[in-house]
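These notes concern the structure reproduced below.
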Amino acid sequence: MKAEDFAGRDIITMRDFSREELEFIFDSTKEIESGRPGGALDGKLVALIFYEPSTRTYSSFEIAAERLGCRTTGFSSPEKSSVAKGETLHDTIRMYEGYGVDCIVMRHNLMGAARFAADLTKVPVVSGGDGSREHPTQAMVDLYTIRKAFGKIDGLRIGILGDLKYGRTASSLSYGLSNYDVEITFVAPESLTTRKEIDHFLSERGVGFTKTKDVRDVVGSLDVLYVTRIQKERIPDPTEYERVRGVYQINLSLLKEGKKGLRVMHPLPRVDELSSDVDESEYAQYFVQAAAGVPLRMALLSMVVAK
Amino acid sequence: MRKIEDGTVIDHIPAWKADLVLRVLRLQRLAKSELDVSVAVLQNVVSGRLGRKDVIKVDRWRIDENEADILCLIFPTATINYIKSWKVFKYSPMVPDTIEGRIRCPELLCISNAEREPLTTMFYTLKTERMLQCRYCDTLLDFGKIPDFVRV
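Respectively, the protein sequence lines represent chains A and B.
Be aware that the first sequence starts at 14, since it is given in my numbering, and climbs by one per residue.
Be aware that the second sequence starts at 16, since it is given in my numbering, and climbs by one per residue.
This is the structure in structure tokens:
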């Protein structure tokens, strides 16, 4: 496998990626982290079009693009663009293609928006999250972080906790983990457990998974506890949000029930589900995880943007 | 209605659903554009198999096979016969691999439900599981619930 194999490729869903491809991306990320020089995409233009707020994804793509020598254009919120005047996604994508961008990185509030955008243009489209469905590059960051912490992904027991129904990082991570020999435990209140299509996909791939509501049931057996935020902005019924808010509070006292080597991850931002008393502990992996966003996205952009 | 020499008979439609079938097949539009097409609709007639059923007979029009497959997916009890020179041929429907248009995604926040985006819905059929899966947002829809999401 070589980087050119990814040229022009859309990154829409983790289900499109094989283990071999993921490992290639991770090896390339490691090289960049080890000091491989940037500037591989001098003169290229990357459009960042974000219809939803973002801190890490937007900034890390912007930094990644700039470190590779690209210029960036676009908008970080729809209020700053003609979207506020009612412009369709269709027209926006066609316009950026017409401007000669070499890659479109987009985030959208509607599910499947990245797939639709990819249908509209020959320029590679990289999803930075679409509604509550997927966030593939975050899942790649997550898997890379696990590989970096443990030296492997196979054989690990991974708990994914929080809002598994509306949280797009949980979906994409689950799909990505299906390439490895892992045991997954989903920890969520019944109303926020994984959607039918995730369960169906994992079952079809022969991935073992269990579900529980109580993190204490499983914390002692996990290698990784992946904590996610309850997605207040996506839960349609405010009373439902009130029922589940604060249902999990991961703190040092709970983690001390875990086995040696347990690592806590979180795609961030966090609200109250992960206590700051974990930050300086040996469990905390989430700032390492966030930092991996830049080299991993550098690796991806350098592969998908045609030289 | 006189006996059909050439045409299509859609039988065993669930009672009172003929109107939905007509809209799925866009037969009103067809009847307006092709004057020779005559449509007879029987509603809530006694059926040995269903208790009550609707029947649609269309003279001088042959249903497209893909349309027939989609119709039988939406209404699994429906049976379709072609009439050619007074002879009756029973159509054996197949479950199509994909369905474009006709059905809307049950997920309201799917891009395919965005009003002004020029986009045709598309579903993959998971034949063993008897479900459809939206190409855009992956939402699954049981075959049995398809009639609730027919886009007409």
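Glycine included, C-beta positions come from ideal geometry on N, C-alpha and C.
Predicted model only: the values in this text are computed from it and were never measured.
query                                                                                                                                                                                         : result
Determine, for A/GLU65, whether the minimum Cβ-Cβ distance to residues of chain B falls below 9 Å.                                                                                            : no
Any C-beta of chain A sitting closer than 9 Å to the C-beta of B/GLU115?                                                                                                                      : no
Please list, in chain order, the residues of the region 127-145 of chain B that have any C-beta partner in chain A closer than 9 Å.                                                           : SER127, ASN128, ALA129, ARG131, GLU132, PRO133, LEU134, LEU141 and GLU144
For A/ASN192, count neighbouring Cβ atoms within 10 angstroms of its own Cβ and tell me buried if that reaches 16, exposed if not.                                                            : buried
Smallest Cα separation from A/LYS367: which of A/LYS178, A/SER140, A/GLY164 and A/VAL317?                                                                                                     : This structure gives no information on residue 367 of chain A, because the portion of chain A shown stretches from 14 to 320.
Bridge partners of A/VAL200, per DSSP?                                                                                                                                                        : A/LEU174 and A/THR225
DSSP three-state call for B/CYS125: helix, strand or coil?                                                                                                                                    : strand
Under a Cβ-count criterion, where at least 16 other Cβ atoms within 10 Å of its own Cβ denotes burial, should A/MET124 be classed as buried or exposed?                                       : buried
Should A/VAL231 and A/VAL257 be called a contact, given that it needs their Cβ atoms to be closer than 9 Å?                                                                                   : no
Identify, in the order they occur along the chain, each residue of the same chain with its Cβ nearer than 8 Å to the Cβ of A/SER204, setting aside the five sequence neighbours on each side. : LYS178, GLU253, ARG256 and VAL257
Can the beta-carbon of A/ILE38 be found less than 9 Å from the beta-carbon of A/LEU309?                                                                                                       : yes
Should B/VAL60 be labelled buried (16 or more other beta-carbon atoms within 10 Å of its own) or exposed?                                                                                     : exposed
Would you call the region 69-86 of chain B and the region 28-45 of chain B in contact, with 3 or more CB pairs under 8 Å?                                                                     : yes
Looking at the unbroken alpha helix (DSSP H) that takes in A/LEU156, where does it start and where does it end?                                                                               : 149-163
Is there a Cβ from chain A that is less than 9 Å from the Cβ of B/GLU122?                                                                                                                     : yes
On the DSSP bridge assignment, give the partners of B/THR113 in chain order.                                                                                                                  : B/TYR139
My output table needs one value for A/PHE30: the three-state DSSP class, helix, strand or coil.                                                                                               : coil
At a cut of 8 Å, does the region 166-178 of chain A reach the region 91-108 of chain A through at least three beta carbon pairs?                                                              : no
Are the region 111-131 of chain A and the region 279-288 of chain A in contact at 8 Å, needing three or more beta carbon pairs?                                                               : no
Using a 10 Å radius around the Cβ and a threshold of 16 neighbouring Cβ atoms, would you call B/LYS146 buried or exposed?                                                                     : Just to set this straight, residue 146 of chain B is Met in the shown sequence, not Lys. Counting Cβ neighbours within 10 Å, B/MET146 comes out buried, since at least 16 surround it.
Check whether the region 305-320 of chain A touches the region 258-267 of chain A, taking contact to mean three or more Cβ pairs, one atom from each stretch, closer than 8 Å.                : no
Counting only Cβ pairs nearer than 9 Å, list the residues of chain A close to B/GLN148.                                                                                                       : GLU210 and HIS213
Please state whether the Cβ-Cβ distance between A/ALA78 and A/MET119 is less than 9 Å.                                                                                                        : no
What do you get for B/MET109, buried or exposed, if any count of 16 or more other CB atoms within 10 angstroms of its CB means buried?                                                        : exposed
Let me confirm a value: A/PHE300 is counted as buried when at least 16 other C-beta atoms fall within 10 Å, else exposed. Which label applies?                                                : exposed
Please return the same chain residues whose Cβ sits closer than 8 Å to the Cβ of A/MET14, not counting the five positions on each side in sequence.                                           : GLU33, GLU34 and PHE37
For A/THR68 and A/GLU147, which I take to be in contact (beta-carbon distance under 8 Å), what is that distance rounded to the nearest angstrom?                                              : Contact flag wrong, Cβ pair sits at about 19 Å.
In whole angstroms, what separates the C-alpha of A/THR225 from that of A/LEU238?                                                                                                             : 13 Å
Over the uninterrupted beta strand (DSSP E) stretch that includes A/THR182, give me the two end residues.                                                                                     : A/THR182 -> not in any beta strand (DSSP E); alpha helix (DSSP H) instead, spanning 181-190.
Apart from the five residues just before and just after A/LEU58, which ones in its own chain have a Cβ nearer than 6 Å to its Cβ?                                                             : ARG84, VAL114 and ASP115
Who are the neighbours of B/ASP153 on chain A, taking C-beta pairs under 9 Å?                                                                                                                 : THR26, ARG28, MET124, GLY125, ARG146, GLU147, SER184, ARG208, GLU210, ILE211 and PHE214
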